[in-house]
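Below: the structure, in structure tokens.
Numbering (my numbering), first residue to last: 81 to 357.
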């Protein structure tokens, strides 16, 4: 009998769940809107789990915000209406009767992108999600890197312009404030700055971690115009610096499909790395 695990990606606007078979392939899915508040979200997740796999043996969930994978606690996820620590894995577990693993959503998507691109265990990847905000997940030597406190990848909150726009995190000129979906929604003229912000994060990932691949994903990468602008920005940087030309920034960039369930599959893979069956 094939063991079914349900992978769930909780997004700011929608929840997606897929039934994952023994080959870590998505075989059935369910999608619906994301409510606000931990109890409502947990109930919605449980509903999607039941919809895709009545025989599921476990659930793995990617959740935005500060996530403690070891304890199953979401410390905060403001865009989901979660302002303080919530035992989210426990909430879902009580509703489903199943063991639950939670992971930061971008970390999960990074593992999903690593698998999607069929990279070997000795390779490294930075996944840069360009959506409402900008965040990254890292897979180094085939293993997810969460950092000392589980907050590795908050690359969107590194200031890139000292006199740039104010960021809700309290800093000035963060990449996310310069050129993310939220920045463009607040000021449409910021769309012209998206390429600069994304190219800056790509360069940062390569120059700090020297990853083999920088995978770009998230809603804003659906725009061919934005992707082309990012590649042009990287090419311009390489043309102006022999050091950057030698690093081959542009050639390390791969765009992953937005419609692929990378977060769902990556959440299941993250659970497996902890030794769960």
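Ideal Cβ positions, reconstructed from N, Cα and C, are used throughout, including at glycine.
Residue range of the beta strand (DSSP E) that includes residue i
| i | result |
| --- | --- |
| residue 94 | 94-100 |
| residue 190 | Segment 185-196 is the alpha helix (DSSP H) holding residue 190; no beta strand (DSSP E) there. |
| residue 295 | 293-297 |
| residue 87 | 85-90 |
| residue 333 | 333-335 |
Helix, strand or coil at residue i according to DSSP, with G and I counted as helix
| i | result |
| --- | --- |
| residue 322 | helix |
| residue 215 | strand |
| residue 142 | strand |
| residue 110 | strand |
| residue 150 | coil |
| residue 338 | coil |
| residue 328 | coil |
| residue 203 | coil |
| residue 315 | helix |
| residue 136 | coil |
| residue 308 | helix |
Through-space distance from residue j to residue i, alpha-carbon basis
| i | j | result |
| --- | --- | --- |
| residue 344 | residue 251 | 32 angstroms |
| residue 245 | residue 257 | 6 angstroms |
| residue 311 | residue 339 | 21 angstroms |
| residue 209 | residue 232 | 14 angstroms |
| residue 170 | residue 176 | 10 angstroms |
| residue 109 | residue 129 | 9 angstroms |
| residue 243 | residue 174 | 48 angstroms |
| residue 240 | residue 248 | 15 angstroms |
| residue 145 | residue 168 | 12 angstroms |
| residue 282 | residue 112 | 32 angstroms |
| residue 222 | residue 275 | 28 angstroms |
| residue 377 | residue 190 | As displayed, the chain neither begins before 81 nor continues past 357, which places residue 377 out of reach and without an answer. |
| residue 292 | residue 324 | 15 angstroms |
| residue 330 | residue 211 | 20 angstroms |
| residue 135 | residue 101 | 11 angstroms |
| residue 298 | residue 322 | 31 angstroms |
| residue 273 | residue 305 | 13 angstroms |
| residue 336 | residue 164 | 32 angstroms |
| residue 278 | residue 353 | 29 angstroms |
| residue 122 | residue 157 | 14 angstroms |
| residue 264 | residue 226 | 29 angstroms |
| residue 313 | residue 332 | 14 angstroms |
| residue 326 | residue 315 | 12 angstroms |
| residue 218 | residue 166 | 25 angstroms |
| residue 204 | residue 195 | 11 angstroms |
For residue j and residue i, believed in contact at Cβ under 8 angstroms, the rounded distance
| i | j | result |
| --- | --- | --- |
| residue 133 | residue 179 | Contact doesn't hold; Cβ gap of about 14 angstroms is too wide. |
| residue 193 | residue 295 | 4 angstroms |
| residue 350 | residue 224 | 6 angstroms |
| residue 341 | residue 96 | 6 angstroms |
| residue 88 | residue 152 | With a Cβ gap of about 14 angstroms, residue 88 and residue 152 do not count as contacting. |
| residue 90 | residue 202 | Incorrect: roughly 32 angstroms between the Cβ atoms, too far for contact. |
Residue interval of the alpha helix (DSSP H) (run including residue i)
| i | result |
| --- | --- |
| residue 348 | 342-353 |
| residue 129 | 118-132 |
| residue 172 | 168-176 |
Query raised in the report: Going along the chain, which unbroken runs of the alpha helix (DSSP H) with 4 or more residues stay wholly within the stretch 209-291?
Result: 255-259, 261-266, 274-289
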